[in-house]
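Asks: Attaching a single structure in structure tokens format; questions to follow.
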Amino acid sequence: MDPNIVCKGTTPMGGLPFQRNIFYDDKSEKRFINSVKSMVRHSAEYKEWKKFLIQDRGLIKCLFTNEIIDECTIEFHHHPISLQNITEAVIDKYLSEEKPFSSFDIAIDIMLLHFNMKIGIIPMVVTLHEKFHNGYLKIPVDYVIGDYKWFMENYTLREEALEVVNKYLIVKGSTHIGWDYNGDNK
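Taken in order, the sequence shown gives residues 6 to 191; the numbers are from the working numbering.
Now the structure itself:
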């Protein structure tokens, strides 16, 4: 199949290309990014990747509380680079190389980064994940699993994303979250 195909139309636009190499406004870019993130998170490949992390890599416990996946919900938090920022950086690379792309191309590249562990993640209980996103938890960069440094060397983060990531990178060592879990609290 030819990715350069265009649905012919009768509007002044002339047609609808399958791939793009430009966004006409911020709103269309935001919709595109959200669509890609949804594709990634809901894909069979993402579910298989998470299953691999649990079954093959043994990432079955929260790195903060040591609670295990059988006891509570453990989520994989993207850190220090969020999925939003990963998506933006992959898109920006296509744009800078003037390479046409579709949402599928971007989602595949993001999944390949995940499968090759070229992103950073942290397994954490859902409530601590919420706490982080609400601004009440700092995560030491030492806790990150995956080669986020490779990503930073091979992709360009947008200025505002880089500022946030740089703030995350200075958090080092142990962060006490207010309680410890030893698995004997039955």
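No residue lacks a Cβ here, since even glycine has one placed at the ideal position from N, Cα and C.
Remember, it's a predicted structure, so these values are computed and weren't measured experimentally.
Could you please give the first and the last residue of the uninterrupted alpha helix (DSSP H) stretch that includes phenylalanine 37?
Replies: Position 32 of the sequence shown holds residue 37. Phenylalanine 37 -> alpha helix (DSSP H) spans 31–47.
Asks: Given a cut-off of 7 Å on the beta-carbon distance, is the pair tyrosine 148 and leucine 68 in contact?
Replies: Translated into positions along the sequence shown, residue 148 becomes position 143. Translated into positions along the sequence shown, residue 68 becomes position 63. The answer is yes: Cβ separation under 7 Å.
Asks: State buried or exposed for glutamate 135, treating a residue as buried only when at least 16 other CB atoms are found within 10 Å of its CB.
Replies: Within the sequence shown, residue 135 is the residue found at index 130, counting from 1. Label assigned to glutamate 135: exposed.
Asks: Among Leu174, His119, Glu168, which one has its Cα closest to the Cα of glutamate 53?
Replies: Working through the sequence shown from its first residue, we reach residue 53 at position 48. Comparing Cα-Cα distances from glutamate 53 to each of Leu174, His119, Glu168, the minimum goes to His119.
Asks: In whole angstroms, give me the CA-to-CA distance for threonine 70 and proline 128.
Replies: Within the sequence shown, residue 70 is the residue found at index 65, counting from 1. Within the sequence shown, residue 128 is the residue found at index 123, counting from 1. Roughly 10 Å separates the two Cα atoms.
Asks: Determine the direct distance from the alpha carbon of arginine 163 to that of arginine 36, and round the result to whole angstroms.
Replies: Taking the first residue of the sequence shown as 1, we reach residue 36 at position 31. Taking the first residue of the sequence shown as 1, we reach residue 163 at position 158. Straight-line Cα distance between these residues: approximately 18 Å.
Asks: Looking at C-alpha atoms only, which residue of His83, Leu58, Asp61 is the closest neighbour of tryptophan 146?
Replies: On the sequence shown, residue 146 is found 141 positions in, with the first residue counted as 1. The question names tryptophan, yet the displayed sequence has valine at residue 146. Here the closest residue by C-alpha is His83.
Asks: Using the three-state DSSP reduction, which class does phenylalanine 106 fall into: helix, strand or coil?
Replies: As a working note, residue 106 is residue 101 in the sequence shown. Note: phenylalanine 106 maps to strand in three-state DSSP.
Asks: Out of Tyr51, Ile79, Ala49, which one is the CA nearest neighbour of glycine 63?
Replies: Translated into the one-based positions of the sequence shown, residue 63 becomes position 58. The shortest Cα separation from glycine 63 among Tyr51, Ile79, Ala49 belongs to Ile79.
Asks: On the three-state DSSP scale, how would you describe methionine 192?
Replies: Coverage of the chain is limited to positions 6 through 191, which leaves residue 192 absent and any answer about it impossible.
Asks: Applying the criterion that 16 or more other CB atoms from any shown protein chain within 10 Å of the CB defines a buried residue, is aspartate 114 buried or exposed?
Replies: Start at 1 with the first residue of the sequence shown, and residue 114 comes out as number 109. By the 10 Å Cβ count, aspartate 114 comes out buried.
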